[in-house]
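So the sequence lines, in the order shown, correspond to chains S and A. The first sequence begins at 1 in the working numbering and counts up one residue at a time. The second sequence begins at 488 in the working numbering and counts up one residue at a time. Positions of the beta carbon are idealized from the N, C-alpha and C atoms, including for glycine. Remember, predicted model here, so these are calculated numbers, not experimental data.
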Amino acid sequence: MKKLTPYLLAILFVVSATSLFPGKALAAISFVGSAESSSAPNADTTVDISVISLLEGDLVIVAGAIGDDDSVNHDVLNNTTGYIEITDLFADDDDDTNLAVWYKFMGATPDTSVVVEGTTGGTDSSLAVVVMVFRGVDTGTPFDVTSTTATGINDFSPNPPSIDHLNPSGVWTVIAGASGHLLTGNGTYTFPTGYTTNAIDRGQDDTNDVTVGMGYRSSGVSDPEDPNVMTHSGTTAITNSWAAVTMVLRPAVAPTVTTQVTPTATSITQTTATLNGNITATGGANATVRGFAYGTVSTLATVIATTTDTVGAPFGISAHTAAISSLTCNTTYYSRAYATNSAGDGLGSIESFVTSSCVSAPTVTTNFAGSPTYNAANLVGSITNNGGADATQTGFAWGTVSTLSGGDTATTTLGSFVGTGPFNGGIGGLSASTIYYFRAYATNTGGTGYGSILNFTTGNDTPSRRMRLFEGFKIKLISGKMILHQR
Amino acid sequence: MMTGGIKYTKGGIIAVLVVSVFFVYFFLTHTPSPTDPGTTTVLRIDSPTATFLPSRTPPSGSEEYRNTTYRFSLFYPSEMKVTEFDEGNGARTITFQNVAEAKGFQIFIVPYGTPHVSTERFHKDVPSGVREEPTDLTIDGVVANMFFSNNIALGDTREVWFIKDGYLFEVTAPKTLNAWLMGIIQTWKFI
Numbered sequence: 001m002k003k004l005t006p007y008l009l010a011i012l013f014v015v016s017a018t019s020l021f022p023g024k025a026l027a028a029i030s031f032v033g034s035a036e037s038s039s040a041p042n043a044d045t046t047v048d049i050s051v052i053s054l055l056e057g058d059l060v061i062v063a064g065a066i067g068d069d070d071s072v073n074h075d076v077l078n079n080t081t082g083y084i085e086i087t088d089l090f091a092d093d094d095d096d097t098n099l100a101v102w103y104k105f106m107g108a109t110p111d112t113s114v115v116v117e118g119t120t121g122g123t124d125s126s127l128a129v130v131v132m133v134f135r136g137v138d139t140g141t142p143f144d145v146t147s148t149t150a151t152g153i154n155d156f157s158p159n160p161p162s163i164d165h166l167n168p169s170g171v172w173t174v175i176a177g178a179s180g181h182l183l184t185g186n187g188t189y190t191f192p193t194g195y196t197t198n199a200i201d202r203g204q205d206d207t208n209d210v211t212v213g214m215g216y217r218s219s220g221v222s223d224p225e226d227p228n229v230m231t232h233s234g235t236t237a238i239t240n241s242w243a244a245v246t247m248v249l250r251p252a253v254a255p256t257v258t259t260q261v262t263p264t265a266t267s268i269t270q271t272t273a274t275l276n277g278n279i280t281a282t283g284g285a286n287a288t289v290r291g292f293a294y295g296t297v298s299t300l301a302t303v304i305a306t307t308t309d310t311v312g313a314p315f316g317i318s319a320h321t322a323a324i325s326s327l328t329c330n331t332t333y334y335s336r337a338y339a340t341n342s343a344g345d346g347l348g349s350i351e352s353f354v355t356s357s358c359v360s361a362p363t364v365t366t367n368f369a370g371s372p373t374y375n376a377a378n379l380v381g382s383i384t385n386n387g388g389a390d391a392t393q394t395g396f397a398w399g400t401v402s403t404l405s406g407g408d409t410a411t412t413t414l415g416s417f418v419g420t421g422p423f424n425g426g427i428g429g430l431s432a433s434t435i436y437y438f439r440a441y442a443t444n445t446g447g448t449g450y451g452s453i454l455n456f457t458t459g460n461d462t463p464s465r466r467m468r469l470f471e472g473f474k475i476k477l478i479s480g481k482m483i484l485h486q487r
Numbered sequence: 488m489m490t491g492g493i494k495y496t497k498g499g500i501i502a503v504l505v506v507s508v509f510f511v512y513f514f515l516t517h518t519p520s521p522t523d524p525g526t527t528t529v530l531r532i533d534s535p536t537a538t539f540l541p542s543r544t545p546p547s548g549s550e551e552y553r554n555t556t557y558r559f560s561l562f563y564p565s566e567m568k569v570t571e572f573d574e575g576n577g578a579r580t581i582t583f584q585n586v587a588e589a590k591g592f593q594i595f596i597v598p599y600g601t602p603h604v605s606t607e608r609f610h611k612d613v614p615s616g617v618r619e620e621p622t623d624l625t626i627d628g629v630v631a632n633m634f635f636s637n638n639i640a641l642g643d644t645r646e647v648w649f650i651k652d653g654y655l656f657e658v659t660a661p662k663t664l665n666a667w668l669m670g671i672i673q674t675w676k677f678i
């Protein structure tokens, strides 16, 4: 066993090093909740969906039905912004059925209600609405195939039609049906086998009554799937009508992730960098973890590490970053962003960046301005650390702007400098009695280092000559010979 | 009377012409207008590690004076006392004098940004405005101009002026010491 231990450790290390992303869960649709409401006669209804714990990315399906007797195909309207109509059906009998079905994916701030317009039905009409919410549906293609529809008269039991889907793993079928009738009281449905769990219906009693219901099947979905009849309560009357819809929900897919390209990494130093990525589509289920894989192999077949960010999860459409360290200077690294939801891993493209040169910019200090005159000064600076390579250029930036940006700022170039130590240079042509700002700089292959900004003030003018020779003596010239007398 | 007047006028014209020629020469070659954009001379600042020409061995009875700030050297008689005065704003006066023998000269050095001496500068340092017998000479490769002048303290003087590395040098001695001063000037070297 002792002999095997090193090999086992080696295998564990390889597995760890090549495990690009965290584990993933199976994709799955789930039922979140339902709500209902109705109104009559000739009035809008508001469905309170705040009681359902909605999250970003949840799919809300609304079925609204109007029962009346005017033989007019009314356009049932959903007055809440953002809903997409799946179908709008009409069945004309003595008691008409107008059924519309809509869907909407919730945004970052989910809706709290749905308003369906009932005034379109006119006098003596009634309106009933049911809502179902599902989670884990593919936001890009929520319906696996085009929904199927059917209508009927002389009956009030909707018969959702068969649907031939693409049979991706994990699909759910959803049925919605409505009945226009003249039964006394609110009607109800008995849902077909496989559609009874959490099924919901709502009836509205008025001069012309209506019933609407919705159910789903989460397992045992056949291909094609024929849901069978939603049996309405009461005795059949030949004056009734119905409408029905069958939908197939497609489960969520992995998030769509992009690795930022320009630039792939920011704040790059010799040993650190910040990676940047984006979740551009959730795929129907928010990500539970996001991060980056990085390494020095261009294919990322092996990686140095994978970052995992779970703080604040789940993650919708969003940007994410990760600060990485312990890198090697002047080395090409490859990285790609990822995000994982219940459907799997979304991977961005593999991009590269290069860490900073092993040579860093020199460390420079600005020392002082020596002997400033009315129009000149001697600027002194020092290289205290050459950063690993001798300076190829040294000098000073100087001018009358305190930030040394813009204005009359100029730069001197004193040439290369070997090792560390002081350097200086004179500047001339200055104005008298003026504050000048300056700082030293030195450049090597690793960049440019700057000293702090100092300042000096030029003199007010040059002094005039003063005769110091024989100062304190009186001069007499006698016979061409100079004689000095103490004053 | 008329003839005499004409003769006087011709003499005056000749005199005016001579003076005019002198001043044209003076201003064109030595004293451009202060507003002359011309070229500027940048103050020479040596790095802390700058190197200089080595010290020279003076002849017997002389000493070497070296100044690494203004980078020059000269020989002077050993018995002379050397005194330096900081005049501020980068200017300096150095005197070499032997009071007992009434011998001496001074060097006034001031930062100067243009390659020619302006009339303003000249009058600032020589209030008398006297500048006679100007003559060019070369001091260790630098063109200088010497002339006779007058100073209220020294009386008649010999002046030797030149500009080097952004500094104006004004060497002054009593006129009676002209020949003696020229001997010292010949030992001048820029280091």
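Hey, quick one: how far does the alpha helix (DSSP H) through residue i stretch, first residue to last?
| i | result |
| --- | --- |
| A/T606 | T606 to D612 |
What does residue i touch in chain S if you count any residue whose Cβ is under 9 Å from its own?
| i | result |
| --- | --- |
| A/P621 | Within 9 Å Cβ-Cβ: nothing; A/P621 doesn't reach chain S, min ~18 Å. |
I'd like to confirm something about residue i: is its beta-carbon nearer than 7 Å to some heavy atom of the ligand GDP, or not?
| i | result |
| --- | --- |
| S/M214 | In terms of ligand content, the structure shown is empty, and the ligand GDP therefore cannot be addressed. |
Give the secondary structure of residue i by DSSP, where H, G and I count as helix, E and B as strand, and everything else as coil.
| i | result |
| --- | --- |
| A/W675 | coil |
| A/T582 | strand |
| S/T307 | coil |
| A/G670 | helix |
| S/N198 | coil |
| S/L454 | strand |
| S/N78 | strand |
| S/T258 | strand |
| A/T663 | helix |
| S/T448 | strand |
| A/T556 | coil |
| S/T120 | helix |
| S/L55 | coil |
| S/F156 | coil |
| A/Y599 | coil |
Ignore the nearest five residues each way along the sequence and tell me which others in residue i's own chain have a CB closer than 6 Å to its CB.
| i | result |
| --- | --- |
| A/Q673 | none |
| S/T434 | T458 |
| S/N198 | F31 |
| S/P255 | I279, T282, G283, A287, A339, N341 and G346 |
From the DSSP output, read off the bridge partner residues of residue i.
| i | result |
| --- | --- |
| A/A587 | Looking at the DSSP assignment, A/A587 forms no beta bridge with any residue, so it has no partner. |
| S/H485 | S/K474 |
| A/T538 | Looking at the DSSP assignment, A/T538 forms no beta bridge with any residue, so it has no partner. |
| A/K568 | A/Q584 |
| S/Q204 | S/V210 |
| A/G642 | A/N638 |
| S/Q393 | S/T443 |
| S/Y437 | S/G399 and S/N455 |
| S/S30 | S/R135 |
List, in chain order, every chain B residue whose beta-carbon is nearer than 7 Å to that of residue i.
| i | result |
| --- | --- |
| S/R468 | In summary, chain B is missing from the structure at hand, where the protein chains are S and A. |
The beta strand (DSSP E) spanning residue i covers which residue range?
| i | result |
| --- | --- |
| S/T420 | Per DSSP, S/T420 belongs to no beta strand (DSSP E) and is neither H nor E. |
| A/I626 | E619 to I626 |
| S/R290 | V289 to G295 |
| S/F368 | T363 to G370 |
| S/D48 | T45 to D48 |
| S/L59 | L59 to D68 |
| S/R250 | From DSSP, S/R250 is part of no beta strand (DSSP E); its letter is neither H nor E. |
| S/N278 | A273 to A281 |
| S/S352 | E351 to V354 |
| S/T97 | D96 to F105 |
| S/V380 | A377 to N385 |
| S/N341 | T332 to N341 |
At 7 Å on the CB atoms, spell out the chain S contacts of residue i, in chain order.
| i | result |
| --- | --- |
| A/K611 | S464 |
| A/V647 | By Cβ distance, chain S contributes nothing, its closest Cβ being about 13 Å from A/V647, past 7 Å. |
Which chain A residues are close to residue i, counting only those with a beta carbon under 7 Å from its beta carbon?
| i | result |
| --- | --- |
| S/T373 | N576, G577 and P598 |
In chain A, what lies closer than 8 Å to residue i by C-beta?
| i | result |
| --- | --- |
| S/G480 | T663 |
Which residues of chain S have a Cβ atom closer than 8 Å to the Cβ of residue i, listed in chain order?
| i | result |
| --- | --- |
| A/E657 | R465 |
| A/N638 | M467 |
| A/V586 | F470, F473 and L484 |
Which residues in the same chain have their Cβ closer than 7 Å to the Cβ of residue i, if we skip the five residues on either side of it in sequence?
| i | result |
| --- | --- |
| A/P546 | F562 |
Got a sec? Which residues, its chain only, sit under 8 Å from residue i by beta carbon, not counting five neighbours each side?
| i | result |
| --- | --- |
| S/D48 | A35, S37, T112 and S113 |
| A/F513 | With a pLDDT of only 39 at A/F513, under the threshold of 50, the placement of this residue in the model should not be trusted; the figure read from the coordinates follows. These residues qualify, in order along the chain: R618 and P621. |
| S/V401 | G407, D408, T409 and Y437 |
Quick one: list the residues of chain A neighbouring residue i, beta-carbon separation under 9 Å, in chain order.
| i | result |
| --- | --- |
| S/S475 | The question names Ser, but residue 475 of chain S in the sequence shown is Ile. Going along chain A in sequence order, the residues near S/I475 (Cβ under 9 Å) are A589, A640, L641, G642 and P661. |
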